[in-house]
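Trainee: Each residue of the sequence shown is one higher than the last, beginning at 113 in the numbering used here.
All C-beta atoms in this analysis are idealised placements derived from N, C-alpha and C, irrespective of residue type, glycine included.
The structure under discussion is supplied below as structure tokens; questions concerning it will follow.
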Amino acid sequence: MSLLFPLTHKGLFNVHNFLIKKFNKFYVLRINRLNNIKFKDYISIDPSKGFRIFQFKNKKVLYESLNFCKKKFTIKKILKEAKNLNKKNTLLSLPINILDKENKPIKKLALHPEIIKPVGEYLGGLPILYGSYIWYSPNDINVELIGSQLYHFDREDYRQIKCFIPLKDISERNGTLNVIPAKKSKEFMNKRRQSEIYQSLKQRFHDSEVHEKIGQEFEIALKAKIGEIILLDTSNCLHYGSRRSEKPKYHVTFHYITPFNNKVYKKTKSITSNEDILSKSNEELMLDYIT
113 MSLLFPLTHK
123 GLFNVHNFLI
133 KKFNKFYVLR
143 INRLNNIKFK
153 DYISIDPSKG
163 FRIFQFKNKK
173 VLYESLNFCK
183 KKFTIKKILK
193 EAKNLNKKNT
203 LLSLPINILD
213 KENKPIKKLA
223 LHPEIIKPVG
233 EYLGGLPILY
243 GSYIWYSPND
253 INVELIGSQL
263 YHFDREDYRQ
273 IKCFIPLKDI
283 SERNGTLNVI
293 PAKKSKEFMN
303 KRRQSEIYQS
313 LKQRFHDSEV
323 HEKIGQEFEI
333 ALKAKIGEII
343 LLDTSNCLHY
353 GSRRSEKPKY
363 HVTFHYITPF
373 NNKVYKKTKS
383 ITSNEDILSK
393 SNEELMLDYI
403 T
């Protein structure tokens with residue numbers, strides 16, 4: 113599958129449309145399931161921006177989850193058990209087993225309609241919860257910029273949403289995630305395409321190249337206090353994070369994608385061949401990809 117579509121924005125879009133046609137009944141099912149979730153006054157994500165920061169209204173669900181995370185996934189535990197300790201100078205990621213009954217408060221937040229409705233509408237149907245993590249950025253060593261510290265796009269899907277929920281306030285003092293709105297990010301890639309032959313979503317871009325092509329004034333530092341949530345389309349917004357700052361950054365991350373991409377193609381094919389798919393609950397459909 114991946115050989116048929118290049119790893120570019122157009123390639124991801126084409127494979128998405130190809131798989132929607134291939135699994136059209138599954139696509140329609142997920143649209144209908146999302147539409148049937150009754151929840152008033154949910155926020156929306158402007159596709160030209162590709163991000164949204166909002167105040168989460170259900171404080172009980174939110175703070176039960178945050179307090180649980182702070183107690184179970186301490187910074188000490190992260191520094192010891194993170195799956196990518198080789199990146200201890202930048203970003204440490206500790207996966208959360210959302211299927212573990214002990215982690216029920218986190219699952220309740222990850223699948224809450226106040227998040228699922230705007231994410232699903234942006235992605236075009238009931239989303240997949242692709243991953244859940246505690247992220248910790250020490251931000252205490254001034255290393256040469258590498259990896260996610262440089263401007264880049266993520267490449268799991270033609271659109272995706274990463275949901276960042278602070279365990280400590282995210283401010284300029286502890287290393288904000290800096291983004292370029294989706295419309296201007298597209299402009300950057302279009303201008304780059306005029307002068308560069310090679311295009312791939314694996315590429316990283318230095319600040320100087322981005323500023324040269326579209327200016328500096330469009331860069332936005334995404335800040336959030338405890339109680340607020342950041343939703344960001346990391347496929348379509350140039351972004352970087354975890355650079356040197358005064359204090360560390362500590363937050364929950366939920367990752368949502370569609371079922372229609374190379375990453376989960378085989379799983380989607382397996383799920384849609386199952387005759388009991390129509391009887392599955394929304395929760396089962398959203399968690400099928402991590403079972």
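1. Would Asn179 be called buried (16 or more neighbouring beta carbons within 10 Å of its own) or exposed?
2. Shortest alpha-carbon distance to Lys195 belongs to which of Thr186, Asn386, Phe185 and Pro207?
3. Using C-beta distances below 7 Å, list every residue in its chain close to Leu279, excluding the 5 sequence neighbours before and after it, in chain order.
4. Between Leu191 and Ser347, how many whole angstroms is the CB-CB distance? I'm expecting something under 8 Å.
5. Sorted by chain position, which residues of the same chain lie with C-beta nearer than 8 Å to Ile292's C-beta, five sequence neighbours on each side aside?
6. Thinking Leu235 and Ile210 are a contact (beta carbons under 8 Å), I'd like their distance in whole angstroms, please.
7. For a test of the three-state rule: what should DSSP assign to Phe290, helix, strand or coil?
8. Tell me which residue opens and which closes the beta strand (DSSP E) that Glu324 is part of.
9. Starting from the Cα of Phe168, find the closest Cα among Asn374, Lys122 and Ala222 and give me that residue.
10. Give me, in chain order, the residues of the same chain whose beta-carbon lies closer than 6 Å to that of Arg142; leave out the 5 immediate sequence neighbours on both sides.
11. Alpha helix (DSSP H) containing Cys275: first to last residue?
12. Less than 7 Å separating the beta-carbons of Phe111 and Ile342?
13. Do you know whose CA, among Glu395, Arg164 and His224, lies nearest Ala294's CA?
14. Can you give me the C-alpha to C-alpha distance between Gln217 and Ile149, rounded to a whole angstrom?
15. Can you check whether the CB of Tyr248 is closer than 7 Å to the CB of Leu289?
16. Report yes if the C-beta distance between Gln261 and Ser320 is below 7 Å; otherwise report no.
17. Give me, in chain order, the residues of the same chain whose beta-carbon lies closer than 8 Å to that of Arg305; leave out the 5 immediate sequence neighbours on both sides.
18. Alpha carbon to alpha carbon, how far is Ser297 from Asp400?
19. For a test of the three-state rule: what should DSSP assign to Ser177, helix, strand or coil?
20. Measure from the alpha carbon of Phe166 to the alpha carbon of each residue in Thr380, Leu344 and Glu396, then state which is nearest.
21. DSSP on Lys152, reduced to helix/strand/coil?
Mentor: Result, derived from the coordinates:
1. Looking at its Cβ environment, which holds fewer than 16 other Cβ atoms inside 10 Å, Asn179 is exposed.
2. Pro207
3. Leu178, Cys181, Lys182, Tyr362, His363 and Val364
4. That belief does not hold up - the Cβ atoms of Leu191 and Ser347 are roughly 30 Å apart, past 8 Å.
5. Correct list, in chain order: Tyr263, Phe300, Val322, Ile326, Phe330, Glu331, Ile332, Cys349, Leu350 and His351.
6. That belief does not hold up - the Cβ atoms of Leu235 and Ile210 are roughly 18 Å apart, past 8 Å.
7. Before going on, a small fix: residue 290 reads as Asn here, not Phe. Correct three-state label for Asn290: strand.
8. Careful: Glu324 lies outside any beta strand (DSSP E), inside the alpha helix (DSSP H) at Asp319 to Ile326.
9. For Phe168, the nearest C-alpha among the options comes from Ala222.
10. Gly237 and Leu238
11. Boundaries around Cys275 are those of the beta strand (DSSP E), Ile273 to Pro278, since no alpha helix (DSSP H) includes it.
12. Shown here, the chain extends from 113 to 403; a query on residue 111 therefore has no answer.
13. Arg164
14. Looking at the sequence provided, one finds Pro at residue 217 rather than Gln. Answer to the nearest angstrom: the Cα atoms are 20 Å apart.
15. no
16. no
17. Counting only Cβ-Cβ distances below 8 Å, and skipping sequence neighbours, we find Gln311.
18. 32 Å
19. If DSSP states are grouped into helix, strand and coil, Ser177 belongs with the helices.
20. Leu344
21. Three-state result, Lys152: coil.
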